[in-house]
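Q: Chains as they are written, first to last, in our numbering: chain Y, 417 to 806; chain X, 9 to 232. Ideal Cβ placement from N, Cα and C applies to all residues, glycine included. In this text, all values refer to a predicted model and were calculated from it rather than measured experimentally.
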Ligand SMILES: Nc1ncnc2c1ncn2[C@@H]1O[C@H](COP(=O)(O)OP(=O)(O)O)[C@@H](O)[C@H]1O
Ligand SMILES: [Mg+2]
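#1: Is the CB of residue 799/Y under 7 Å away from at least one CB in chain X?
#2: Less than 7 Å between the C-beta atoms of residue 28/X and residue 54/X, yes or no?
#3: Going by DSSP in three states, residue 635/Y sits in which element: helix, strand or coil?
#4: Check whether the Cβ of residue 50/X lies closer than 6 Å to any heavy atom of ligand 2, and answer yes or no.
#5: Since residue 206/X is in the beta strand (DSSP E), which residue starts that stretch and which ends it?
#6: Expressed to the nearest angstrom, what Euclidean distance is found between the alpha-carbon atoms of residue 580/Y and residue 471/Y?
#7: For residue 466/Y, report the span of its alpha helix (DSSP H) as first-last.
#8: Taking 7 Å as the CB-CB limit, is residue 157/X close to chain Y?
#9: To the nearest angstrom, how far is it from the Cα of residue 438/Y to the Cα of residue 643/Y?
#10: At a cut of 8 Å, does the region 161-174 of chain X reach the region 108-115 of chain X through at least three beta carbon pairs?
#11: Kindly list, in the order they appear in chain Y, the residues whose Cβ is closer than 8 Å to that of residue 105/X.
#12: Kindly confirm or deny that the region 182-191 of chain X and the region 775-790 of chain Y touch, where touching means at least three C-beta pairs closer than 8 Å.
#13: Is it right to say residue 49/X is buried, meaning 16 or more other beta carbons lie within 10 angstroms of its own, or is it exposed?
#14: Is it right to say residue 101/X is buried, meaning 16 or more other beta carbons lie within 10 angstroms of its own, or is it exposed?
#15: By the criterion of Cβ-Cβ separation under 7 Å, what are the contact partners of residue 716/Y in chain X?
#16: Just the C-alpha distance for residue 496/Y and residue 768/Y, rounded to the nearest angstrom, thanks.
#17: Under the rule that 16 or more other beta-carbon atoms within 10 Å means buried, what is residue 14/X, buried or exposed?
#18: In whole angstroms, give me the CA-to-CA distance for residue 483/Y and residue 511/Y.
#19: Check each residue of the region 59-87 of chain X: if its Cβ is closer than 8 Å to any Cβ of chain Y, include it; give the result in chain order.
#20: When the Cα atoms are used, what is the spatial distance from residue 431/Y to residue 24/X?
#21: Among 121/X, 158/X, 125/X and 195/X, which has the Cα closest to the Cα of residue 135/X?
#22: Taking all protein chains shown into account, decide if residue 752/Y is buried (16 or more other Cβ within 10 angstroms of its Cβ) or exposed.
#23: Look up residue 582/Y in the DSSP assignment and give the residues it is bridged to.
#24: Which ranges does the beta strand (DSSP E) cover as unbroken runs of at least 3 residues, wholly within the region 623-674 of chain Y, from first to last along the chain?
#25: Taking the alpha-carbon positions, what's the residue 499/Y to residue 508/Y distance?
#26: Under 8 Å Cβ to Cβ from residue 241/X, same chain only, skipping five residues before and after it: list those, please.
#27: So residue 204/X contacts chain Y; which residues on that side make the cut at Cβ distance below 9 Å?
#28: List the DSSP bridge partners of residue 518/Y.
#29: Buried or exposed for residue 761/Y, going by 16 or more other Cβ atoms inside 10 Å?
#30: Please check if any C-beta of chain Y sits within less than 7 Å of the C-beta of residue 114/X.
#31: If you check the beta carbons only, do residue 517/Y and residue 531/Y fall under 7 Å apart?
#32: Any idea what DSSP makes of residue 5/X, helix, strand or coil?
#33: Output needed in chain order: residues of the region 41-57 of chain X with a Cβ under 7 Å from some Cβ in chain Y.
#34: Exposed or buried, which one is residue 588/Y when buried takes at least 16 other CB atoms within 10 Å?
#35: In terms of residue numbering, what span does the beta strand (DSSP E) encompassing residue 781/Y cover?
#36: Can you confirm whether the region 55-62 of chain X touches the region 145-157 of chain X when touching is taken to mean that 3 or more C-beta pairs between the two stretches lie within less than 8 Å?
This is the structure in structure tokens:
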């Protein structure tokens with residue numbers, strides 16, 4: 417029997433049992449759209465997280481010092497030594513503390529970071545407008561400040577803060593720039609902080625020791641080598657006390673997060689795939705009913721020369737058409753569904769063509785697989801028995 | 009063309025075994041018109057199923073065109089049914105969700121004939137049985153006589169050497185029955201071998217040879 421005719425017969429049978437076929441299809445429709453929606457949400461979330469981690473700065477190592485006894489920080493001299501090590505592009509030391517800022521009647525508790533000119537590049541956090549911190553600011557301990565975007569909004573609203581004076585713990589600082597909005601990352605909110613020159617901060621916070629350092633490697637490939645070197649340096653400094661410091665590797669974090677989100681995608685996809693499987697069982701169920709109902713038809717077809725193969729193909733094709741059609745509707749619903757989710761729940765979703773192809777092929781495979789048993793049952797009927805069936 | 013030797017058929021229905029044919033031998037030559045007559049339950053249909061390669065005998069030999077087919081595979085039997093035999097049943101056995109034309113096309117589809125050719129052929133056959141105005145009707149929209157004529161057209165589609173008709177007039181009124189019989193006679197006149205199964209002596213009279221069967225045994229053979 418030719419393929420075109422077989423498809424036609426399958427469609428005809430589906431049309432004569434519209435309601436039943438639709439209900440059978442529903443299992444596949446729900447399965448496929450669930451796979452697409454859940455995976456698109458998972459991948460959208462993954463994309464978001466990856467972007468945020470990447471936005472923290474590339475090739476980045478961050479070091480935080482806990483200290484050992486009285487040795488609780490790193491000095492500027494030691495940082496100069498670090499800067500000269502091979503593979504290190506730049507080093508951005510940070511001194512930080514919590515302060516209260518005030519402008520006219522508005523006050524806000526924020527994180528203060530004392531930084532130098534390298535910070536904006538290393539952390540990939542630049543000024544939205546105004547200027548950045550320059551070497552000369554550090555050299556002359558300028559009392560200037562860059563505001564995080566939320567700090568600016570809180571204190572100034574829509575007004576232009578450049579050139580205005582704010583009070584940090586009661587001391588006047590001149591606003592010279594506003595940082596671009598960054599959102600919160602794993603390290604906390606990046607927009608509720610202010611930056612001042614590191615030398616100013618050291619005096620202001622009465623601390624010379626530096627406990628946070630960001631190091632940028634010259635390329636992503638050698639981040640790990642640099643990490644080893646920095647760790648050796650710190651190990652020596654803190655007399656082999658590994659607990660005295662911690663070195664975070666951005667790339668490592670990225671791959672760990674990648675693993676976590678991959679697992680999440682697999683898990684969600686897997687759960688949805690189970691519902692697709694259940695849909696397949698529905699197909700098997702209805703095809704078995706159909707085989708029984710059409711026993712006589714099978715007998716007639718065999719009497720006039722249909723071979724086992726012909727009957728097998730006919731029934732397999734029918735379940736394939738049911739699942740294929742259901743899969744198609746499921747794909748459309750899945751695309752529409754994740755679009756609605758983005759719109760109404762403002763969750764980032766990402767539909768890759770890959771998952772569309774996978775879920776669609778999977779639906780057809782499921783239909784064919786669960787169609788095999790009923791089809792083979794039909795094909796094995798003996799013509800006489802089938803003809804006698806009322 | 010057909011030779012069966014000492015054929016028996018035993019049905020296993022659960023615990024009870026029932027022997028429907030108890031040793032039947034029969035020769036049918038090319039071009040013959042044979043009627044097999046007997047009361048209900050005598051084993052006529054069982055015999056026809058074996059002759060028509062729909063079922064295999066329990067014991068005994070069956071030669072189709074001088075070839076023993078007892079141990080033929082299912083596919084080989086399907087090929088014989090498709091190419092050499094045309095079936096006409098008491099209950100017409102048309103496919104209810106196909107229209108007239110598609111029903112007649114069916115044997116040609118399984119033979120792998122291309123669409124244009126088989127449509128032409130089916131159309132011609134339906135013209136011959138006077139149904140060219142009913143191509144798009146489904147079986148339920150046709151009278152019994154019309155349905156049987158569609159079934160005849162379908163049986164003839166494959167240009168079979170043998171037509172097997174199991175009580176072809178059983179569900180028809182007298183007039184339609186006569187029409188069907190005259191079609192069969194005409195076919196025989198053109199050379200097709202016809203095996204007609206019936207329990208009605210009047211119907212059997214159309215044939216040239218009458219074989220009487222009772223309780224699974226051949227009682228007598230008579231040439232008309
Ligand atoms: N598939 C079957 N299983 C069990 N018994 C059968 C089967 N087919 C026919 N029979 C029995 O065999 C006998 C002969 O049946 P059949 O050949 O159909 O008779 P006829 O066509 O002459 O009326 C009947 O008693 C019938 O009940
Ligand atoms: Mg009978």
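A: Reading from the atomic positions:
#1: In the first chain, residue 799/Y corresponds to position 383, counting from 1. Judged by the 7 Å Cβ criterion, residue 799/Y is in contact with chain X.
#2: Residue 28/X sits at position 20 when you count from the first residue of the second chain. Residue 54/X sits at position 46 when you count from the first residue of the second chain. Cβ distance < 7 Å, so residue 28/X and residue 54/X count as in contact.
#3: Within the first chain, numbered from 1, the residue matching residue 635/Y stands at position 219. Here DSSP, grouped into helix, strand and coil, assigns residue 635/Y to coil.
#4: Counting from one through the second chain, the residue named residue 50/X turns up at place 42. No, the beta carbon of residue 50/X sits no closer than 6 Å to any heavy atom of ligand 2.
#5: Here residue 206/X is taken as the residue at index 198 of the second chain, counted from 1. Counting along the chain, the beta strand (DSSP E) containing residue 206/X begins and ends at 201-206.
#6: As a first step, residue 580/Y is located in the first chain; it is residue number 164 there, counting from the start. As a first step, residue 471/Y is located in the first chain; it is residue number 55 there, counting from the start. If you take the alpha carbons of residue 580/Y and residue 471/Y, they lie about 29 Å apart.
#7: Position 50 of the first chain, counted from the start, is the residue given in the question as residue 466/Y. First-last of the alpha helix (DSSP H) with residue 466/Y: 434-471.
#8: Counting from one through the second chain, the residue named residue 157/X turns up at place 149. By this cut-off, residue 157/X is not an interface position.
#9: Looking up residue 438/Y in the first chain gives position 22. Looking up residue 643/Y in the first chain gives position 227. Answer to the nearest angstrom: the Cα atoms are 60 Å apart.
#10: The region 161-174 of chain X is in contact with the region 108-115 of chain X.
#11: Translated into positions along the second chain, residue 105/X becomes position 97. Going along chain Y in sequence order, the residues near residue 105/X (Cβ under 8 Å) are 428, 429 and 432.
#12: no
#13: Here residue 49/X refers to the residue found at position 41 of the second chain. Answer is exposed; the Cβ neighbour count stays below 16.
#14: Here residue 101/X corresponds to residue number 93 of the second chain, with the count starting at 1. It is buried - the Cβ of residue 101/X has at least 16 other Cβ atoms within 10 Å.
#15: By one-based count along the first chain, residue 716/Y stands at place 300. Simply 101 and 103.
#16: Residue 496/Y sits at position 80 when you count from the first residue of the first chain. Residue 768/Y sits at position 352 when you count from the first residue of the first chain. In this structure, the CA atom of residue 496/Y is about 47 Å from the CA atom of residue 768/Y.
#17: For this step, residue 14/X is matched to residue 6 along the second chain. Residue 14/X should be labelled exposed.
#18: One-based indexing of the first chain puts residue 483/Y at position 67. One-based indexing of the first chain puts residue 511/Y at position 95. Roughly 15 Å separates the two Cα atoms.
#19: Identification of residues in the region 59-87 of chain X having a C-beta nearer than 8 Å to some C-beta of chain Y yields 60, 62, 63, 82, 83, 86 and 87, given in sequence order.
#20: To locate residue 431/Y, count along the first chain from 1; it is residue 15. To locate residue 24/X, count along the second chain from 1; it is residue 16. Going from the Cα of residue 431/Y to the Cα of residue 24/X covers about 43 Å.
#21: Taking the second chain and counting its residues from 1, the one referred to as residue 135/X is at position 127. Comparing alpha-carbon positions, the option among 121/X, 158/X, 125/X and 195/X lying closest to residue 135/X turns out to be 158/X.
#22: Within the first chain, the letter at position 336 stands for residue 752/Y. Taking all protein chains shown into account, residue 752/Y has fewer than 16 neighbouring C-beta atoms within 10 Å of its C-beta and is therefore exposed.
#23: Position 166 of the first chain holds residue 582/Y. In DSSP, residue 582/Y forms a bridge with 589/Y.
#24: 628-633 and 661-665
#25: In the first chain, counting from the first residue as 1, residue 499/Y sits at position 83. In the first chain, counting from the first residue as 1, residue 508/Y sits at position 92. Their backbone Cα atoms lie some 9 Å apart in a straight line.
#26: The requested residue 241/X does not occur in the structure, where chain X is confined to residues 9 to 232.
#27: Taking the first residue of the second chain as position 1, residue 204/X is located at position 196. The contacting residues do not exist; residue 204/X stays about 17 Å from chain Y at best.
#28: By 1-based counting over the first chain, the position of residue 518/Y is 102. In DSSP, residue 518/Y forms a bridge with 523/Y and 583/Y.
#29: By 1-based counting over the first chain, the position of residue 761/Y is 345. Exposed.
#30: Here residue 114/X is taken as the residue at index 106 of the second chain, counted from 1. So yes, residue 114/X belongs to the interface.
#31: Residue mapping note: residue 517/Y aligns to position 101 of the first chain, counting from 1. Residue mapping note: residue 531/Y aligns to position 115 of the first chain, counting from 1. In this structure, residue 531/Y does not lie closer than 7 Å to residue 517/Y by Cβ.
#32: There is no way to answer for residue 5/X, as the model of chain X reaches only from 9 to 232.
#33: Against chain Y - using a Cβ distance shorter than 7 Å - the residues of the region 41-57 of chain X are 57.
#34: Within the first chain, the letter at position 172 stands for residue 588/Y. Here residue 588/Y is exposed, its C-beta having fewer than 16 other C-beta atoms within 10 Å.
#35: As a first step, residue 781/Y must be located in the first chain, where it is residue number 365. Counting along the chain, residue 781/Y falls outside any beta strand (DSSP E), though it belongs to the alpha helix (DSSP H) covering 769-795.
#36: no
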